[in-house]
Amino acid sequence: MTALSPVYQKHHLRGIGGSMKRISANIFAVLVLALTLAACQTVPYTGRSQFLMTSKAQEDQLGEDAWREVCAKEKKCTNQQYNEALLRVGTSIAQISGQSDFKWEFRVFQSKEANAFCLPGGKVAVYSELFKLAANDAELASVVGHEIGHAIARHGGERMSQAAVQSAGLQVVSAATKGNTAWTQAYGIATEVGGMLPYSRLHEYEADYIGLMLMAKAGYDPNAAISFWNKFKTVGSSGPFGEFFSTHPMSEKRIEEMRLKMPEAINLYNKCPNKKGLGVRYR
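My numbering applies: residue 545 is where the sequence shown begins, and numbers increase by one.
This is the structure in structure tokens:
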């Protein structure tokens, strides 16, 4: 076998390396395009196209697993008023949600932080501190509706799909730059700010909209959403760059969007045969 000259190795193999980098990037681009075309779904209520690599069954199973872990870790609230309120409001929204395959569960956890979530498959939790902000069933419905909106829109699956694509992208970049940490970190930061977090912003607005429609359809006065999120705004924190880097939009913008969607929600509310108004008041 004829040995390659040093000059040939230096210039020709360098060219091959550059070609491989370009091929890797091209393969990744084609892969992403193919996956996007194959995994495109439509979000209920909004009609937005979304990219999902996970099946609903996979997401529901992940929700079940996470729910067991959370329930084992968190302390269950013993306040009867809070537990009855969540069950009452949650059941009302679940009944009109159109999610007959959800295995609904509702639980209040004892905590000093005001928070709530709905896992895929309909596992809904509210932290007890949140009841210091919610004055009635309708305000609670605005929160529960928002969280259920995330589950209906399959935002969890969408986030996992985005993360999977991002991870593949990082591998390609790492190979193309021979593992150069600075480049990989730069790509990670750029992807996080330019690709991941803005989707979370979108998810929050989308969940606000779906939640508003759900509470109105369930017979709760949608105007209560404005009153609740106004109060929530006062306990939130924001710096000069808070909106840009936060996964949640600023409350002022969220409230503004809700006001724009209010006529649609009021129309649904007026059509509801079993209006509850503000529902049960807590104080």
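Each residue gets a CB set at the ideal place from its N, CA and C atoms; glycine is no exception. The structure displayed is predicted, hence computed values, not measured ones.
query: G783 in three-state terms, based on DSSP; result: Caution applies to G783, whose pLDDT of 46 falls short of 50 and renders its modelled position unreliable; the model cannot decide the point.
query: Where F772 sits in the DSSP three-state scheme; result: helix
query: Neighbourhood of F776 by C-beta distance below 7 angstroms, restricted to the same chain and skipping five residues each side; result: L677 and S795
query: Neighbour-count burial assignment, Q729, 16 or more Cβ in a 10 Å radius; result: Confidence at Q729 is low in this model, with a pLDDT of 44, below 50, so its placement is unreliable and no value can be given for it.
query: Pick from M759, I637 and I799 that is closest to T778, judged by C-alpha positions; result: I799
query: Where F788 sits in the DSSP three-state scheme; result: Low local confidence applies: a pLDDT of 39 at F788 is under 50, so the model's placement there is unreliable, with the coordinate-based value given in what follows. F788 falls in the helix class under three-state DSSP.
query: Coarse secondary structure for E618, derived from DSSP in three states; result: coil
query: Three-state secondary structure assigned by DSSP to A601; result: helix
query: When G665, K620 and G634 are compared against Q654, the one with the closest alpha-carbon; result: K620
query: Rounded C-alpha distance that separates E702 from E608; result: 18 angstroms
query: N680 and G823 closer than 8 angstroms at C-beta; result: yes
query: Beta-carbon contacts of E750 that lie in its chain and below 6 angstroms, excluding the five residues immediately before and after; result: T590 and A697
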